[in-house]
Every structure is written in structure tokens, then in C-alpha cells.
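J.:
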DNA sequence: ACATAGTGTGTGCACGTTCACACATTCTTG
DNA sequence: CAAGAATGTGTGAACGTGCACACACTATGT
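Chains as they are written, first to last, in the working numbering: chain S, 1 to 328; chain G, 1 to 328.
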């Protein structure tokens, strides 16, 4: 900047004003712009951050194993939604990968070191070191999803997994199915446990524990495994609630192999409304998860905190309309 | 830091030495550590960056539409590979989303503003503004993949798409297939064009243009579409090279619907060795793409430049072994 | 006794900006 | 025509660090 000022025959202050706005004569502005081009000057953000006390960047963190993240269709959409909002406000979204204990430690430093002004955090937990840093530093943040062990007062955006699961199960039951099972995935995660409990609520007295197959992940292979378990326990099964669309796709594959018609013999519903839902044949009836909107609102909440407003207590549940296609 | 020094009754210099290493007496060190804990001091990275002229961060950029990125199984693995290497060297990988012209402009500033010391860039093109910034600034970087319009001298890591496609096509032909077609996806991308030309090379005089179905994307739906096209043009087809595993999975779905046996009636091979390859039934014969290793080597090349070494001219092609399973 | 090496500590400058302030010039207005 | 507003410009301090240097003290060897 000093070089630019010298080349244009003005002071640093005037150069700063040309960059950040202020009273500058046309002549000086022209000279400075020429000098900037000639010198190849680019403002040093580290210096600017230092004096401004902000970085115009917001972190995006997913506190799950990366292998899970990569195959989860929602997370990418959440990220894109957050980026769209942040981009409009001229903030840079910075996506951090946490893949090891070493990563966690480094990211902790990164967050507290002034690299970012805020954070959107997916799958936060109270006992996580990263969550702790965020709360200790009072870093403006929004959590996506709402683990039960998170204290009140921290803003979050999410969906009502229990209610949504209950709603689609009821819808499935309303088609006249008598023996409805569930492929419950990842019940160690809140979303997984909530979907199972919504299923149970919907069935009420008709709920039978043996018609729930537990599988570890939300993926296709788990769906195949779960479907096989279910049919072994109850061959006359005529309805299935799969904990995700990928699980449903795997389940449908098994049904096809065994020659059972969907939805003729067995009606099946999923969860997420991901690309899977339209890839299956017949297309899947499922719960639409507004992932992009979740990301957008989460980013918006961070931005709002950044502009000084204290977040409303609690959080926001976004609506999850049922998309009824042909699989049930 | 000043507060810590005051609380511990020492000077800033001594505090700096207990953080960064140097001669410090045991008494002073204890006092300072107590003071750090009490004050809740965390070093300000912006200030450190300013004086050190580096940020200990490396950017990860994919210059493709985000919708493509999300469904590409390789990119996530490349990122994880890069992160593993950078993490070991105590560098933070920073993942940037470019989703609009506005993003491009902002990222350009981000890169030139000292936020990162280097970059791993996937799918770079010479005419891209981000690529230009990187070359103009001489920012230590590695490109993944090797578009033909990129100048020589820029280091890159990639695979030999032409050679790999030729090899697996030859392998397929060696099983005795007489009428081999290809579902060529994304020929507007270098990888797509190269895979097609490898296929053509393998078949030589036997290559027939009408046995190539062109589809826009590397995905499942494109695979279904391409397979239908191919069978319409040549019902007696007995071999298919699909441009990706997802494409192959879609193609197999169509074959199954039409009652054609794989590999009995039609032998089919894919590309990538992604999770798709083991999800199909029968499991897919395919070209293994060492995505994690690509990311690791790309990161390593950045690190090497960061430590002062000038990169070797040209780049490195990683080996792509054929994984022969049951689909051909 | 003296030089030298090793250990421990404080001070001032630099990094590249932004911002408040002081000052200069021109334009408006009663 | 004087007073005040609007416009334009330069200067110094600050942001929070790391590092070179100066300095003080102790141990070792000649």
C-alpha cells in the first residue's frame, strides 16, 4: 500500500479511502487505480483483519466421521444453502474437515485465532471439544440439528424428526397396510433415534419391537441388510418405513430380488427426499427435508448475531412436507 | 498477551518464548502458564500471520459446479487424502465453495489476501479467473487433473484416463465380446473425452461411432439413458464400457429390467472403483482410481513448494490398476 | 583472574492495514 | 463577506504478534 501511495504521489490514507470509500478527488482516484494496477497491489487481509477485528469468514463444520459426511446427501445441500446466504453478505464460507484428534486440536486453534467471525456447526454435541471452544469464546454460531445434551439458549435450526417420522408412518398405515416394519438406521445418532420413536408413536398399541430392524448406517447396503432381517422375522410384511431414502433403495433392491412387487405386495416409504428418491423404481414416497433452507437459515442466524442481535432462545424447526410418489 | 505478561510479572518477550519455544526458567514458565489459564488467553492468529507472513492454511478448491461435486465420489476422497497429509504437517485445510460469479470474485481476494499459503485445485482451467490469480501470484499450488489448456511447468497430479480406458476396454474385449459399446459421459470434460478416446484406441479398426452413446453426466440416470440408446441401435450388444461406476450401475438396472443377464448376455465394466462398484449385483469390474492417494500427493507437492523447493516440471500420473470382479 | 559459552530476560521495531484527527480548500448561504 | 458546511488530503496511533538485539547472570576452562 505504501508503494501504491508513493507511485501515485499521495498518502496511504488516500489509497485506503479509494479502496474502502470516502472523499477522493477524481484525479487522485485515477492515479491510485493506475498505480494499483501497475504495482499489482492486493490488500493484505491479515493486516486488515488485525485492525478490523474480523475476517469476513464463517466456518462450516460437521462433527461426524468424514466417511458419513461424504455419503450424506443432505450435508452438501445444507452447505450450499449456507454459502448462498453468506456469499450475498460478502462473507466467505470456510469448510473445515475434522478427521482425527489432531484435526480437532488444530481447528480449535483456528476458531479461536480469529480466522473466522462465526460458525455453522452440524451435529454438535455438548461434550465435543469444538463445541466447548465455541461456547467458551461466545463465537457467533448456529447449530444444525438439536442433540438433547446441548444446553438451552444456543440457537439451532433443524427439523422435527419425531413428528415427521410419525406423519409418514401414519400416512403409510392409512393406505391399509396391516404389518408395518421399520428399518431403523443409526439409532446412536439423534436423528436415527427420533425417527424410530416417531414410528413407534404412530403405531401406538400396534407397535411390535420385533418388526424393527436395526442397522448401523443410513446407506444402501444397510437397507439391503435390514430388509432381509425384516422379511425373515415376518414374511407377511406389507409396509416398511426406511430411515432414509438410501436405506429404502437398498430395501427395494432386496424386494425386487425376491420377486415382491412395490407397492403391490409391500408399500415402502423413505426419509430425506434425496436424489435416491427419484432414482428408485417406482419413485419413492418420502419426507422432504429442506436441507438447502436449513443451511440458509443457519447462516442467516450467524449473520444476525454478527450484526449485534442476540439470538432468540431455542431454535427453529423447519416444515417437512410429505412427498407422495409411487412406492406406497 | 500483554495482560498475560502483566499477570505473570514478566515481559511480552518471555510469554512469546513460552509459546514458541526458547530459553525460559521453570519459575517463569509456571507463572506464565498459570496466567494464560487465568486470563483465558489464545494467541491472535491474524497478528501472528501478519508478522510471520504465513497462515498455516492451504485451500482446497474444486472448479466445477457444486451439484457435480456433491455426487462425485472421488472428490471427497481426494479431499480426505489431502487433509491427512496437511494435518500431519500441522496445516489447516480450508475447503472453499465456488457456486457463483460472486463467489469467484471473493475467493480471488481470499487467495491473494494471505489467508492461505497454498492451494490444491481440482479441475483447473487456464481461462478460469481463480487459476489466473494463482499463477499471477505464484501461490504454491498443485492442480489435480491435467486439462490440455494448462501451461507446462505447473505441477499436477492425475491419472492417465486415456491409457486406463484403453486397458479396461482391451481386457473386456479379451473375454471374447464381439459387439462392444460405450456409454460416454461428460465428454465436455477432459476426463470424459479422454476415456472415450482410450476406448476408441483399444478397439482400433473395430470401433464404430454408432456404438457410443453420449450422455451428459457421470451419474446413474445417465447410465440408464445411455444403455437404452445403445440397445436400440444394436440389440445384439454383448459388451459395455461405462464411463463411470454410477453410469454402469444405471446401465445394469436397464439390462435387468429387460431380462438380459450380466455377465452372461452382456459384459459390463466401469470406471472409478467407487462404492457403486460393490453395490451392484454382480459386483462391477472397473478401473481403480486412487483418489485418496491423489489428494495426498497433491498436498505433499504443495508442502514441498512451501518448504522452498521448486516443483519438478510437468506432473505425476498415478497407477490405476484394473479391479476385475464379476460383471465381465 | 579473565575470556568465553550458555542461559534467561526486557525492549523496540516491524508486519500492512484502518481510523480519528487535524488541516486545507472550495462551495453555499444569510 | 464572513461563517459554516462540504469536500479532499496527510499524519500518527493502534491492532497483537515475532524477532533481533542488548543486557545480565552463571558456569567452565585456561
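Here a beta-carbon is modelled for each residue, glycine too, at the ideal position from N, C-alpha and C.
Because the structure is a prediction, the values reported are computed rather than measured.
DSSP three-state call for residue 1 of chain G: helix, strand or coil?
T.: The residue you call residue 1 of chain G lines up with position 1 of the second chain. Three-state DSSP puts residue 1 of chain G in coil, outside helix and strand.
J.: Residue range of the beta strand (DSSP E) that residue 93 of chain G falls in?
T.: Counting from one through the second chain, the residue named residue 93 of chain G turns up at place 93. First-last of the beta strand (DSSP E) with residue 93 of chain G: 92-96.
J.: If you measure between the beta carbons of residue 243 of chain G and residue 271 of chain G, is that distance less than 8 Å?
T.: Residue mapping note: residue 243 of chain G aligns to position 243 of the second chain, counting from 1. Residue mapping note: residue 271 of chain G aligns to position 271 of the second chain, counting from 1. Contact: yes.
J.: Just to confirm my understanding: we take residue 155 of chain S, look at its own chain, exclude 5 residues before and 5 after, and list those with CB closer than 6 Å. What are they?
T.: On the first chain, residue 155 of chain S is found 155 positions in, with the first residue counted as 1. Excluding positions up to five away in sequence, the list reads 142, 301, 311 and 315.
J.: Report the CB separation of residue 273 of chain S from residue 289 of chain S in whole angstroms; it is logged as a contact under 8 Å.
T.: As a working note, residue 273 of chain S is residue 273 in the first chain. As a working note, residue 289 of chain S is residue 289 in the first chain. Confirmed, Cβ separation roughly 6 Å.
J.: Where does residue 63 of chain G fall in DSSP's three states?
T.: Here residue 63 of chain G refers to the residue found at position 63 when the second chain is read from its first residue. The answer is coil: DSSP assigns residue 63 of chain G none of H, G, I, E or B.
J.: Near residue 298 of chain S, which residues of its chain fall below 7 Å by C-beta distance, leaving aside the five closest residues on each side in sequence?
T.: Looking up residue 298 of chain S in the first chain gives position 298. So the qualifying residues of the chain are 82, 120, 142, 144 and 157.
J.: Beta carbons nearer than 7 Å to chain S: which residues of the stretch 113-145 of chain G have them?
T.: If the cut-off is 7 Å between Cβ atoms, the stretch 113-145 of chain G has 113, 114 and 115 near chain S.
J.: How many Å lie between residue 23 of chain G and residue 96 of chain G at the Cα?
T.: Taking the second chain and counting its residues from 1, the one referred to as residue 23 of chain G is at position 23. Taking the second chain and counting its residues from 1, the one referred to as residue 96 of chain G is at position 96. If I take the Cα positions, the gap works out to 40 Å.
J.: Can you look up residue 141 of chain S in the DSSP assignment and give me helix, strand or coil?
T.: Stepping through the first chain from its first residue, residue 141 of chain S is reached at position 141. Reduced to three states, the DSSP call for residue 141 of chain S is strand.
J.: So which residues of chain S does residue 43 of chain G contact, with C-beta pairs closer than 7 Å?
T.: For this step, residue 43 of chain G is matched to residue 43 along the second chain. Those are 113, listed as they occur along chain S.
J.: Report yes or no: is there a C-beta of chain G within less than 8 Å of the C-beta of residue 263 of chain S?
T.: The residue given as residue 263 of chain S occupies position 263 in the first chain. Not one chain G Cβ lies under 8 Å of residue 263 of chain S.
J.: Let me check one thing: in DSSP terms, what residues is residue 70 of chain G bridge-paired to?
T.: Reading the second chain from its first residue, position 70 is the one you call residue 70 of chain G. Answer by DSSP bridge pairing: none, since residue 70 of chain G is not bridged.
J.: What in chain S is Cβ-close to residue 76 of chain G, meaning under 7 Å?
T.: Position 76 of the second chain, counting from 1, holds the residue named residue 76 of chain G. Within 7 Å Cβ-Cβ: 70.
J.: Give the single residue among S:236, S:313, S:46 and S:55 whose Cα lies nearest to the Cα of residue 51 of chain G.
T.: In the second chain, the residue the question calls residue 51 of chain G occupies position 51. Looking at the Cα atoms, S:46 is the closest of the given residues.
J.: Could you confirm whether any beta carbon from chain G is found closer than 8 Å to the beta carbon of residue 83 of chain S?
T.: What you label residue 83 of chain S is simply residue 83 of the first chain in a count that begins at 1. Output row for residue 83 of chain S: interface = yes.
J.: Using the Cβ count rule (16 or more neighbours within 10 Å means buried), how would you classify residue 49 of chain G?
T.: Taking the second chain and counting its residues from 1, one reaches residue 49 of chain G at position 49. The residue is buried, with at least 16 neighbouring Cβ atoms inside 10 Å.
J.: Is any beta-carbon of chain G found at less than 8 Å from that of residue 297 of chain S?
T.: Translated into the one-based positions of the first chain, residue 297 of chain S becomes position 297. Residue 297 of chain S does not count as touching chain G.
J.: Just to confirm my understanding: we take residue 200 of chain S, look at its own chain, exclude 5 residues before and 5 after, and list those with CB closer than 6 Å. What are they?
T.: Start at 1 with the first residue of the first chain, and residue 200 of chain S comes out as number 200. Only 207 meet the Cβ criterion.
J.: Which bits of chain S does residue 110 of chain G rub up against, with CB to CB less than 7 Å?
T.: In the second chain, counting from the first residue as 1, residue 110 of chain G sits at position 110. Correct list: 92.
J.: Can you list, in chain order, the residues of its chain whose CB lies under 8 Å from that of residue 10 of chain S, leaving out five sequence neighbours each side?
T.: Against the first chain, residue 10 of chain S aligns to sequence position 10. Here the set comprises 28, 31 and 32.
J.: The alpha helix (DSSP H) with residue 302 of chain G in it runs from where to where?
T.: The count along the second chain starts at 1 and reaches residue 302 of chain G at position 302. That run of the alpha helix (DSSP H) goes 291-306.
J.: Under the DSSP definition of a beta bridge, which residues are partnered with residue 25 of chain S?
T.: Along the first chain, one-based indexing puts residue 25 of chain S at 25. Beta-bridge pairing links residue 25 of chain S to no other residue.
J.: Residue 171 of chain G and residue 322 of chain G - do their beta-carbons sit closer together than 8 Å?
T.: Within the second chain, the letter at position 322 stands for residue 322 of chain G. Within the second chain, the letter at position 171 stands for residue 171 of chain G. Cβ distance < 8 Å, so residue 322 of chain G and residue 171 of chain G count as in contact.
J.: Let me know the secondary structure DSSP gives residue 318 of chain G once reduced to three states.
T.: On the second chain, residue 318 of chain G is found 318 positions in, with the first residue counted as 1. Note: residue 318 of chain G maps to strand in three-state DSSP.
J.: So with Cβ pairs under 8 Å, would you call residue 307 of chain S a contact of chain G?
T.: Locating residue 307 of chain S in the first chain gives position 307, counting from the first residue. Cβ-Cβ to chain G under 8 Å: no for residue 307 of chain S.
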